[in-house]
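Undergrad:
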Amino acid sequence: MPKVLVTGGAGYIGSHTCVELLNAGYEVVVMDNLCNSKAGVLDRIETITGKKPAFIEGDVRDYDAVKRALCGVDGVIHFAGLKAVGESVKKPLLYYDNNLGSTITLLQAMEEMGVNAIVFSSSATVYGDPATVPVKEDFPLSCASPYAYTKYMCERILEGACVANENLSALLLRYFNPIGAHESGIIGEDPNGIPNNLLPYIAKVAVGQLPKLTIFGDDYPTRDGTGVRDYIHVVDLAKGHVLAMDYALTHKGAEAINLGTGSGSSVLEVFHAFERACGRELPYMIGPRREGDVPEYFAETTKAKELLGWVAEKDIDDMCADTWRWQKGNPNGYEE
Ligand code: NAD
Ligand code: UDP
95 MPKVLVTGGA GYIGSHTCVE LLNAGYEVVV MDNLCNSKAG VLDRIETITG KKPAFIEGDV
155 RDYDAVKRAL CGVDGVIHFA GLKAVGESVK KPLLYYDNNL GSTITLLQAM EEMGVNAIVF
215 SSSATVYGDP ATVPVKEDFP LSCASPYAYT KYMCERILEG ACVANENLSA LLLRYFNPIG
275 AHESGIIGED PNGIPNNLLP YIAKVAVGQL PKLTIFGDDY PTRDGTGVRD YIHVVDLAKG
335 HVLAMDYALT HKGAEAINLG TGSGSSVLEV FHAFERACGR ELPYMIGPRR EGDVPEYFAE
395 TTKAKELLGW VAEKDIDDMC ADTWRWQKGN PNGYEE
């Protein structure tokens, strides 16, 4: 079976993707500098799959280390990157250095080592505030933060590399809102500090570590006034990466592909789904809108279905039940 280098494979989406790659029979090498993750996740991947990925602790901006990591590798899934939108506004150079630097170094090392398939973690944030929904891959792109610009620029770098090297294949996967955890409850999302994102925040309220959820605005032009997003179960997303790797290994050129469910849920709908998952009412209050939030977006998913044969299978209740199982069993995440 082909061997895949997973950069950022100790992180949230990367660890779930390692599980699905190993289950599909791929050989997996993880490279991660652990700046936002813990090495203990690799043992947990082994608990789930019976196989432990090879692990290289290192930075993807380190050309020589990446070259060594690419020995015998057929394709790369590139998750490594910094992802906090607010932090990127305060520390833009850190974000440009890390996210662009790692992608350029990786592509240079891949060229040197003759590795011609890459799957890249992009984001629906490259669409900015779309004029209409559902959002299609050919919609105009616009960026509202340094983080979004790093995703936009990496996409252009990968496209340019595919023009220059006709053997190269690059899939630019634009994720909508990944949430949930592995159904075993053994791996999940473990954010540092107070979470910014909705689901980890609700989970911390449910486990008693935060007093209540503040809903950022209930006066949007949506069905209940709260913001609408396309939440996608992280295991569905991980399975999409396995299919994307299969595709990248057998095709040439660059393709941008949305990974979402194709329908949106409001903040209140997600909140009530989480209450069902944990079996009790949870406290919340309505607060002001959060700056920069758009009212509503969800994905057009036809391209993922046509090119990859991928559709999301899990619904909001699955996402909340799996998040709750993980959070309840691991109130302090990966810390023992
Ligand atoms: P994460 O922070 O859990 O995982 C990223 C991993 O990359 C971490 O383990 C971190 O230690 C590692 N890393 C960062 N910079 C590195 C470097 N220079 N060298 C080696 N390792 C490095 O994040 P995630 O949620 O799993 O996201 C994975 C990717 O998907 C990121 O590129 C992110 O921007 C993108 N993405 C995430 C979301 C989301 O909501 N989680 C949405 C859209 C896109
Ligand atoms: N949200 C909220 N309270 C929170 C965090 C998020 O009401 O504490 C809302 C937010 O306004 C948006 C939705 O939940 O409508 C999803 O936010 P998240 O930060 O998870 O994702 P993104 O804004 O990046 O789509």
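With my numbering applied, the sequence shown corresponds to residues 95 to 430, in that order. In this text, a Cβ means the ideal position worked out from N, Cα and C, and glycines have one as well. Remember, predicted model here, so these are calculated numbers, not experimental data.
Would you say Thr355 touches ligand 1, meaning its beta carbon is less than 7 Å from a heavy atom?
TA: no
Undergrad: For the pair the stretch 196-216 and the stretch 312-331, tell me if three or more CB-CB distances fall below 8 Å.
TA: no
Undergrad: Evaluate Met95 with the Cβ neighbour count: other Cβ atoms within 10 Å of its Cβ, from every protein chain shown; 16 or more gives buried, anything less gives exposed.
TA: Sixteen is the threshold: since fewer than 16 other Cβ atoms of the shown chains lie within 10 Å of the Cβ of Met95, the residue is exposed.
Undergrad: Mind checking which residues open and close the alpha helix (DSSP H) that includes His110?
TA: Residues Tyr106 to Asn117.
Undergrad: Is it buried or exposed, Gly381, if we count other Cβ atoms within 10 angstroms and call 16 or more buried?
TA: Burial check for Gly381: the Cβ neighbour count within 10 Å stays below 16, so the residue is exposed.
Undergrad: Quick check: is any heavy atom of ligand 1 less than 7 Å from the C-beta of Val154?
TA: yes
Undergrad: Give the straight-line distance between the Cα atoms of Glu385 and Glu375, rounded to the nearest whole angstrom.
TA: Whole-angstrom Cα-Cα distance: 28 Å.
Undergrad: Please confirm whether Ala371 and Trp418 have their CB atoms less than 8 Å apart.
TA: yes
Undergrad: Please tell me whether His110 and His276 are closer than 8 Å, where the distance is taken between their beta carbons.
TA: yes
Undergrad: The alpha helix (DSSP H) that contains His366, what's its start and end?
TA: Val361 to Cys372
Undergrad: When you measure from the CB of Asn291 to every non-hydrogen atom of ligand 2, does any distance come out below 7 Å?
TA: yes
Undergrad: Only counting the same chain, and skipping five residues up and downstream in sequence, which positions put a Cβ closer than 7 Å to that of Arg317?
TA: Ser360
Undergrad: Quick one: is the Cβ of Arg268 within less than 7 Å of any heavy atom of ligand 2?
TA: no
Undergrad: Where does Ser216 fall in DSSP's three states?
TA: Ser216 falls in the strand class under three-state DSSP.
Undergrad: Please list the terminal residues of the continuous beta strand (DSSP E) segment that includes Tyr325.
TA: Tyr325 to His327
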